[in-house]
Every structure is written in C-alpha cells, then in structure tokens.
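As they're listed, the protein sequences go chains A and B.
The letter at position 87 of the first sequence is residue 87 when you use my numbering, and the numbering goes up by one with no holes.
The letter at position 105 of the second sequence is residue 1105 when you use my numbering, and the numbering goes up by one with no holes.
Think of the CB as a built atom: it goes at the ideal place given N, C-alpha and C, for glycine as much as any other residue.
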Amino acid sequence: LAKTTQPISMDSYEGQEVNITCSHNNIATNDYITWYQQFPSQGPRFIIQGYKTKVTNEVASLFIPADRKSSTLSLPRVSLSDTAVYYCLVGDSASGTYKYIFGTGTRLKVLA
Amino acid sequence: GAVVSQHPSWVICKSGTSVKIECRSLDFQATTMFWYRQFPKQSLMLMATSNEGSKATYEQGVEKDKFLINHASLTLSTLTVTSAHPEDSSFYICSANPGTGIGNTIYFGEGSWLTVV
C-alpha cells in the first residue's frame, strides 16, 4: 500500500503559485520525502527532496512541518508546460529493501 | 543528474513470444534497480526489485516466471516478458538507486511501451 495521500487533481492558471500537499502520517524517522513530475509516456522526473523544514531549488520549494506527517510542494508561477502528474513519495523499507510505492499522484492542469 | 536509460523505447510483439527490455544506469552503479508497470491514466505499480548478483524480489501478485528479471552487472538490469499476451501491453519503467541506503534519490528511466498483438 502507498504510504502517501494526495489530491487526485488540481487546476491552476498560468503565472499562479501552486501548492500541492501530501499526507504521510506513517513516515519513518529516517525516511526522506521526494517529489517527482511525470509527463505522459515518460518516466518520473526528480523535482526535489527533503527531510525537514524547507528546501528550495531552481524549480520548486518543499515545506515540511516539524511532525513530518505532511509536506507541500510549491511551484512558483506555473506555466502550461507544468501540466503533469506530481507524485509525493516516501520510502518503504519494511521488506528490507528501500523502495518507492506510488500513490495516485496529483494531476495538475495549468490553464491559459 | 544521474541518468537511467531504457531500451527499447517501444516494442511490438506477437502473442506468445518473449520480449526483453533493458535498463541501464549510465553514470553510476546501482546494486538495486526497480521495475514498474503503468497503465494509461493510472499510477506506477511496483513489480519487482532487482538485486545485482542475486534473485529479484517480486511484489505480491506478480508472476516471477512470466516477468524474468536479471541484474547481471551494476549498470544493467533486464526485464523479459515471456509468452506475452495482449493484457501484458503496458508502459514499463525502471528505476535505479545510486546508493545503498535510505535517503538516496531514485532515478527513473524514460519508460518502454510494450504492445502485444
């Protein structure tokens, strides 16, 4: 079972900031939170990763509260090309191998 | 960033035949690779974990005799769909872990479309 829960879809307009929140209530102490972007017929592309507080790179910011039970991906000033599915992932090491089990992801549609 | 490459990008095969998909980590070594399948409009489903030099670990419900996985080197894992049927038509994606522990970013290949006719 996936360890994350996200809204299934979101709409936004060009130029707006988009925030996608993910719940991971059962995140393990040593788990990181990683976000990926996927376009149709392509593999997921790494966006950002964090453990706690705030992480920022050239394309996004990731906000993680102190309890780490959720995280928010922030995309500043989205464009039409940001229309994609966004996945929030935390690792699953219960089997002894660190792996990612995908949830539904959030289908973001950016409108003109 | 790290690059994972899959080949072929798409393949069409006849029912009953076998087809092999390769996954290569181009600029790092990966003791662990993962194979996913994805149907249109759906999320990725983990099929198996490929371990270099040992047997793959399959997720529940995935037939190991049908989806043969070989991880013979630190940069190559292969998925062979044996006796393919139309219901095996799907988008297959691999990923590789450049490290051995928690916190390492996993990188994904471009995916391979399989169509069984």
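Neighbour flag for residue i against chain A, beta carbons, 7 Å
i	result
Leu1068/B	no
Phe1039/B	no
Leu1114/B	no
Gly1061/B	no
Phe1108/B	yes
Gly1111/B	yes
Leu1044/B	yes
Val1017/B	Note on identity: in this sequence residue 1017/B is Thr, with Val being the wrong assignment. No, because no Cβ of chain A sits closer than 7 Å to the Cβ of Thr1017/B.
Ile1012/B	no
Ile1021/B	no
Thr1031/B	no
Closer than 7 Å to chain B by CB, residue i
i	result
Lys109/A	no
Lys99/A	yes
Leu49/A	Checking the sequence shown, residue 49/A turns out to be Gln, not Leu. Closer than 7 Å: yes.
Phe39/A	no
Pro44/A	yes
Thr83/A	no
Residue burial classification, residue i (beta-carbon count within 10 angstroms, cutoff 16)
i	result
Leu80/A	exposed
His1085/B	exposed
Ser1077/B	buried
Val983/B	The requested residue 983/B does not occur in the structure, where chain B is confined to residues 1001 to 1117.
Gln1038/B	buried
Phe1108/B	buried
For residue i, the three-state DSSP class (helix, strand or coil)
i	result
Glu1059/B	coil
Glu1022/B	strand
Leu1046/B	strand
Ser81/A	helix
Asp1065/B	coil
Asp92/A	strand
Asp31/A	coil
Asp67/A	coil
Asp1088/B	helix
Ala1096/B	strand
Asn1104/B	coil
Ser41/A	coil
N- and C-terminal bounds of the beta strand (DSSP E) containing residue i
i	result
Ser1077/B	Leu1076 to Val1081
Arg107/A	Thr106 to Leu111
Ser23/A	Val18 to Ser23
Ile1012/B	Trp1010 to Cys1013
Lys54/A	Thr53 to Thr56
Gly50/A	Arg45 to Gly50
Phe1034/B	Thr1032 to Gln1038
Tyr13/A	Ser9 to Tyr13
Lys1112/B	It should be noted that the sequence gives Ser, not Lys, for residue 1112/B. Residues Ser1112 to Val1116.
Residue nearest to residue i in terms of C-alpha spacing, selected from the options
i	options	result
Pro988/B	Thr1031/B, Val1081/B, His1085/B and Glu1022/B	Here chain B covers residues 1001 to 1117 and nothing more, so residue 988/B does not appear.
Ile1093/B	Lys1020/B, Asp1065/B and Glu1052/B	Lys1020/B
Tyr36/A	Val90/A, Asn25/A and Val110/A	Val90/A
Thr34/A	Leu111/A, Ala94/A, Gly15/A and Phe63/A	Phe63/A
Ser74/A	Glu58/A, Gly96/A and Ala28/A	Glu58/A
Thr104/A	Tyr86/A, Tyr32/A, Ser71/A and Asp11/A	Tyr86/A
Residue i Cβ short of 6 Å to the ligand COA heavy atom set
i	result
Arg77/A	Only the bare structure without any ligand can be found here, which leaves the ligand COA out of the picture.
Cross-chain neighbours of residue i in chain E, by beta carbon under 8 Å
i	result
Phe1034/B	Annotation note: the requested chain E is absent from the structure, which comprises protein chains A and B.
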